[in-house]
Amino acid sequence: MTSSRRPGLLLVAYRAGRPAGCAGLRLRPDWAELTRVFVHPAHRGHGGGAALLAGAERQARTFGAERIRLDTRADLVEARALYARHGYLEIGAYNDDVYAEHWFEKVLCELTPGLQRAK
């Protein structure tokens, strides 16, 4: 019997030696989905969200993902601003999650040394 589960991982952020946040990464063919990004309220405003995003992007690249996608709710204004600040662009719906109201994607590409991105 084959499992319908997709491989993934859970990243845990620590602050002062204690868990302060987490993010899930679900692997799909050619892309990865960022899920369950959370930073404990007592630890917000210290870069934990950005660190979790960077870690998830590194891991996604390691697994060969060409892009990373996520969905979020409209009331999570700070989360949507975080994603936009870190290069995530709003896209059309890629799933039918009942709680999803905004969908984002970031292309994960490594630049060849000596090449620059077109502006």
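Per the working numbering, residue 986 is the first one in the sequence shown, and the count goes up by one each step.
Every residue gets a Cβ at the ideal spot worked out from N, C-alpha and C, and that includes glycine.
Nearest to residue i by CA position, among the options, is which residue?
i: Lys1091; options: Ile1053, Asp1081, Arg1070, Val1083; result: Ile1053
i: Gly1009; options: Gly1072, Glu1086, Gln1044; result: Gln1044
i: Pro1026; options: Glu1042, Pro1004, Leu1038; result: Pro1004
i: Glu1051; options: Tyr1079, Glu1042, Asp1082; result: Glu1042
i: Glu1018; options: Glu1063, Ala1066, Leu995; result: Leu995
i: Trp1088; options: Thr1057, His1071, Glu1063, Arg1070; result: Thr1057
Taking just the CA atoms, how far does residue j sit from residue i?
i: Ser988; j: Asp1060; result: In this prediction, Ser988 scores a pLDDT of 48, lower than 50, which makes its location untrustworthy; the coordinate-derived value is nonetheless stated afterwards. Approximately 34 Å between the Cα atoms of the pair.
i: Ala1001; j: Tyr1068; result: 25 Å
i: Trp1016; j: Gly1030; result: 29 Å
i: Asn1080; j: Tyr999; result: 31 Å
i: Val1022; j: Cys1007; result: 6 Å
i: Val1083; j: Cys1094; result: 31 Å
i: Pro1037; j: Pro992; result: The question names Pro, yet the displayed sequence has Leu at residue 1037. Going by the C-alpha atoms only, they are around 19 Å apart.
i: Ala982; j: Pro1014; result: Residue coverage of the chain in this structure runs from 986 to 1104, which leaves residue 982 outside it and unanswerable.
i: Leu1055; j: Thr1020; result: 7 Å
i: Ala1078; j: Glu1086; result: 8 Å
i: Ala1064; j: His1028; result: 14 Å
Which word fits residue i, buried or exposed, when buried means at least 16 other C-beta atoms lie within 10 angstroms of its C-beta?
i: Ala1035; result: exposed
i: Tyr1073; result: buried
Can you find the residues in the same chain that come closer than 6 Å, C-beta to C-beta, to residue i, ignoring five residues on each side of it along the sequence?
i: Phe1048; result: Leu1012
Indicate, with yes or no, if the ligand GTP has a heavy atom lying under 7 Å from the CB of residue i.
i: Asp1015; result: By its list of ligands, the structure shown contains no ligand whatsoever, and the ligand GTP lies outside what it can speak to.
Pick helix, strand or coil for residue i, following the three-state DSSP scheme.
i: Glu1018; result: strand
i: His1028; result: helix
i: Leu1093; result: coil
i: Gly1077; result: coil
i: Arg1058; result: coil
Excluding the five sequence neighbours on either side, which residues of its own chain have a C-beta within less than 8 Å of the C-beta of residue i, listed in chain order?
i: Val1024; result: Ala998, Ala1005, Gly1006, Gly1033, Gly1034, Leu1037
Enumerate in chain order the residues of its own chain whose CB-to-CB distance from residue i is below 7 Å, with the five nearest sequence positions on each side excluded.
i: Gly1040; result: Leu996
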